[in-house]
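In this note's numbering, the protein residues as written are 18 to 220.
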Ligand code: FE2
């Protein structure tokens with residue numbers, strides 16, 4: 018069964034002004050769609066055709082760079098759409114306590130996400146992730162992902178230029194300021210932490 022482009026979990030104006038509807042129309046409707054289409058083309062008629070996306074990513078890692086890039090980018094973007102929201106949310110008590118232990122406060126975590134995101138060289142992803150009961154900010158380059166890692170990813174921010182160039186041109190810090198300001202979906206992060214296993218891309 019082919020993977021589908023998952024719907025945005027909000028109206029395309031919900032993330033204004035951090036991420037505009039114009040950016041979403043290209044980023045979701047063109048970029049993410051292309052990653053999903055290329056993944057489906059690559060697995061059609063193969064042993065991967067009916068596997069979960071996470072298994073395909075793991076199988077392709079290190080052995081099939083084209084399929085890895087497209088399957089990982091399909092997963093990363095699905096996870097990214099859910100990592101943001103237009104309705105401000107708060108971390109659960111459990112997540113808030115772990116953030117305070119690891120970073121000092123939610124605001125200090127936001128500063129860490131902004132500085133790691135701004136400093137990330139070229140394209141990639143910045144993550145809030147959990148492993149062994151501890152939180153950390155992680156970075157992956159290009160299309161790399163935490164989907165098949167031993168981290169439980171809680172949130173991610175896309176720092177590829179296509180995520181912000183239409184809205185903020187080269188000012189990646191302005192995009193990061195907007196996303197971390199009031200658009201991060203702490204409910205999604207709290208649910209990911211409480212579940213204790215990595216989010217799965219819907220079939
Ligand atoms: Fe992207």
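Think of the CB as a built atom: it goes at the ideal place given N, C-alpha and C, for glycine as much as any other residue.
All figures in this text were calculated on a predicted structure; none of them were measured in a lab.
Cutting at 8 Å between CB atoms, please list the residues of its own chain near residue i, excluding the five before and the five after it.
i          : result
residue 91 : 20, 49, 52, 53, 56, 70 and 218
residue 43 : 179 and 183
Compare the Cα-Cα distances from residue i to each of the options and report the closest residue.
i           : options               : result
residue 169 : 220, 214 and 24       : 214
residue 222 : 106, 145, 95 and 96   : The requested residue 222 is not part of the displayed model; the chain covers only 18 to 220.
residue 158 : 93, 18, 47 and 84     : 93
residue 101 : 212, 18, 59 and 28    : 28
residue 161 : 75, 47 and 149        : 75
residue 61  : 193, 18 and 192       : 18
residue 212 : 194, 177 and 171      : 171
residue 139 : 191, 178, 33 and 79   : 178
residue 150 : 33, 167 and 47        : 167
residue 32  : 194, 220, 208 and 216 : 194
residue 46  : 125, 78 and 22        : 22
residue 113 : 164, 208 and 220      : 208
residue 234 : 80, 86, 24 and 68     : Residue 234 is absent from the structure shown; the chain starts at 18 and stops at 220.
residue 147 : 104, 216 and 188      : 216
residue 95  : 30, 24 and 121        : 24
residue 220 : 63, 68 and 64         : 68
By DSSP, does residue i sit in helix, in strand, or in coil?
i           : result
residue 94  : helix
residue 33  : coil
residue 70  : helix
residue 220 : coil
residue 99  : helix
residue 153 : strand
residue 79  : coil
residue 203 : helix
Just to check my reading of the structure: residue i and residue j have Cβ atoms closer than 8 Å, yes? What is that Cβ distance to the nearest angstrom?
i           : j           : result
residue 196 : residue 35  : 5 Å
residue 134 : residue 143 : 4 Å
residue 206 : residue 108 : 7 Å
residue 17  : residue 59  : Since the first and last residues shown for the chain are 18 and 220, residue 17 lies out of range.
residue 111 : residue 210 : 6 Å
residue 89  : residue 164 : 7 Å
With a threshold of 6 Å on Cβ separation, who are the neighbours of residue i within its own chain once the five nearest residues in sequence on each side are excluded?
i           : result
residue 97  : 173 and 175
residue 152 : 115 and 119
residue 190 : 135
residue 126 : 116 and 120
residue 192 : 181 and 185
residue 73  : 65 and 88
residue 30  : 38
In chain order, what residues of the same chain lie with their CB nearer than 7 Å to the CB of residue i, ignoring the 5 residues before and after it?
i           : result
residue 106 : 202, 203 and 204
residue 137 : 143, 156 and 176
residue 26  : 98 and 99
Under 8 Å, with one C-beta from each stretch per pair, do the stretch 166 to 185 and the stretch 33 to 40 reach the 3-pair mark?
yes
Using a Cβ distance threshold of 8 Å, determine whether the stretch 130 to 142 contacts the stretch 192 to 201, with at least three qualifying pairs required.
yes
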